[in-house]
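The structure appears below as structure tokens.
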Amino acid sequence: MASASTNDIEFRSVTKNYGAVTAVTDINLHVPKGAFLALLGPSGCGKTTCLRMIGGFEQPSEGTVLIDGREMNGVPAYRRPVNMVFQHYALFPHFNVEQNVAYGLKQMRPKIASAEIDRRVGEALEMVRLGGFAKRRIHEMSGGQQQRVALARAIVNRPSVLLLDEPLAALDKKLRSAMQIELQTLQRELGITFVLVTHDQEEALSMADVVCVMSAGRIRQLGSPQEVYDRPADLFVADFVGKTNRVTANMEADRATIRLADGSAIAAGPRPAVAVGEAIVAIRPEAIRLSRQPVDGTAFKGTVTHRIFLGSSAEYAVTVPGLGDFLVTADRRGVSESDLVEPGEAVFLAFDPLAAHVFPASAA
Ligand SMILES: Nc1ncnc2c1ncn2[C@@H]1O[C@H](COP(=O)(O)OP(=O)(O)OP(=O)(O)O)[C@@H](O)[C@H]1O
Ligand SMILES: [Mg+2]
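Oh and the sequence shown: position 55 is 161 in my numbering, straight run, nothing missing.
See below:
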């Protein structure tokens, strides 16, 4: 019996083996109804495998996947309230766009009136900005257009869960950000649960309300975009979700000390759960202030080696003797052109200790 559940999707101790390969290990995950979850991680970490187990295209080797409180073990894909947009979206090449999108609706029993099918197909094509393409054949569409046909096909029958495997990978940057907004709007309007697979951290952070960071078949952190960015659970997350600078430090009783080349020391980080001994301090490039004059706060002295001009901001590579290279992002708002620092200049780096994260050295 389906029990009343607040969890639309749940993984209970799910492990998946493909022969000798363990793709995911002991995944426990709750995706609340109506949430937008992003599975984020490097290639091969098990994202597609998780998605396919929700969709019913793979069965767990151990553990259980539940949808709406119902155990899904043995329930085939077509009996799940789920639609999936595959990483390699398979469209019917001999159908035109409209026929591809309408296919699922035409299979439904009881039958849907053809006028209603036409209306819904038109609406879905509008949503993915393919309004004028209904009669085009698939081989006459670009890769990005085909990807949007696959998306239209998946949303047309309003599933309660939509699984999206890298759905925007084939789109150019501009269309991609437009579609990111469209997808978010769609998700909110329809109130359905989205599970999006991506290896693009910007996409995960900008679209999802819960981000699940994975590596090597395991969950490293589950949290809001802000949580995983501002309070990464470990060094892997700190490095994968955004850029980070690492500095070797020494952990004293209640604070990490960064030892400088000249033997002096500065404090970093809030009191972390790190044992006394060697530690790694991770600092985001935008948490470091770069200036020509020494400023209040903890400071390193270094030399700019490279500058990457990014329009609204600039990235600097700064070498600090004894500590190595730092990446620093400087916002250019209100800064005149002449204030750009040139390679070769001596600079001071300062950061707020609260913006630095301390991890055990063993994690590196
Ligand atoms: N059918 C299969 N048979 C054997 N091994 C598989 C199979 N499918 C996936 N794997 C392995 O399982 C692991 C996880 O694969 P998965 O496709 O879930 O990764 P992913 O995170 O989606 O990667 P990508 O970002 O490259 O798509 C990989 O090591 C992969 O080689
Ligand atoms: Mg994949």
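By construction, the Cβ of each residue, glycine as well, lies at the ideal position given by its N, Cα and C atoms.
Here the structure is a predicted model, which means the values were calculated and not measured.
Residue j and residue i - do their beta-carbons sit closer together than 9 Å?
i: Leu302; j: Leu277; result: no
i: Ala456; j: Val447; result: no
i: His463; j: Ala344; result: yes
i: Glu272; j: His305; result: yes
i: Ala465; j: Ala371; result: The amino acid occupying residue 465 in the given sequence is Phe; Ala does not appear at that position. In this structure, Ala371 does not lie closer than 9 Å to Phe465 by Cβ.
i: Ala541; j: Ala393; result: The requested residue 541 does not occur in the structure, where the chain is confined to residues 107 to 470.
i: Val262; j: Val203; result: no
i: Gly417; j: Arg390; result: no
i: Arg398; j: Phe432; result: no
i: Ala452; j: Thr409; result: yes
i: Gln193; j: Thr154; result: yes
i: Gln253; j: Tyr209; result: no
i: Arg242; j: Leu197; result: no
i: Pro459; j: Ala373; result: yes
i: Val347; j: Val316; result: no
Can you find a heavy atom of ligand 2 that lies under 8 Å from the Cβ of residue i?
i: Gln193; result: yes
i: Asp306; result: no
i: Val303; result: yes
i: Asp360; result: no
i: Glu272; result: yes
Using DSSP bridges, identify the partner residues of residue i.
i: Met190; result: Leu269
i: Tyr124; result: Val127
i: Val387; result: Val353 and Val464
i: Ser397; result: Phe454
i: Met320; result: Ile325
i: Leu146; result: Thr304 and Val319
i: Tyr422; result: Arg413 and Val434
i: Ile173; result: Ile115 and Arg176
i: Phe406; result: Leu455
i: Glu168; result: Thr121
i: Thr363; result: Asn356 and Ala373
i: Arg243; result: Asn202
i: Thr299; result: Val267
Flag residue i as yes when its Cβ comes closer than 8 Å to any non-hydrogen atom of ligand 1, and as no otherwise.
i: Val127; result: yes
i: Pro148; result: yes
i: Gly323; result: yes
i: Cys318; result: no
i: Thr155; result: yes
i: Glu309; result: no
i: Val130; result: yes
i: Gly505; result: This structure cannot settle anything about residue 505, because the visible part of the chain is limited to 107 through 470.
i: Gly175; result: no
i: Gly152; result: yes
Would you decide whether residue i is buried or exposed? Buried here means 16 or more other CB atoms lie within 10 Å of its CB.
i: His245; result: exposed
i: Glu232; result: exposed
i: Asp402; result: exposed
i: Leu396; result: buried
i: Met214; result: exposed
i: Ile414; result: exposed
i: Pro199; result: exposed
i: Ala126; result: exposed
i: Pro166; result: buried
i: Arg326; result: buried
Just the Cα atoms here: how many angstroms apart are residue i and residue j?
i: Pro265; j: Val188; result: 5 Å
i: Gly147; j: Glu164; result: 20 Å
i: Ala284; j: Val267; result: 22 Å
i: Leu157; j: Ala129; result: 12 Å
i: Met159; j: Val171; result: 7 Å
i: Ser111; j: Ala322; result: Residue placement at Ser111 cannot be trusted, given a pLDDT of 48 that sits under 50; what the coordinates show is reported in the next sentence. Looking at the two C-alpha atoms, the distance is approximately 30 Å.
i: Asp132; j: Leu281; result: 37 Å
i: Lys217; j: Leu211; result: 8 Å
i: Ser119; j: Asn134; result: 5 Å
i: Val319; j: Gly297; result: 24 Å
i: Arg352; j: Phe117; result: 34 Å
i: Ser248; j: Ile287; result: 21 Å
i: Val227; j: Val234; result: 11 Å
i: Ser468; j: Arg361; result: 17 Å
i: Ala141; j: Pro331; result: 13 Å
i: Ala108; j: Arg185; result: Its pLDDT being 41, under 50, Ala108 is placed unreliably by the model, and nothing is read from it.
i: Gly428; j: Lys407; result: 11 Å
i: Val382; j: Ala355; result: 11 Å
i: Asp114; j: Asn206; result: 28 Å
i: Ala219; j: Leu328; result: 43 Å
i: Arg294; j: Val137; result: 15 Å
i: Phe342; j: Val387; result: 13 Å
i: Asn123; j: Met190; result: 22 Å
i: Gln251; j: Ile364; result: 52 Å
i: Gly162; j: Glu308; result: 28 Å
i: Gly450; j: Pro400; result: 17 Å
i: Phe239; j: Val424; result: 51 Å
i: Lys279; j: Gly369; result: 47 Å
Say the cut is 8 Å; is the CB of residue i nearer than that to a heavy atom of ligand 3?
i: Tyr124; result: Ligands present in the displayed structure are limited to ligand 1 and ligand 2, and ligand 3 is not among them.
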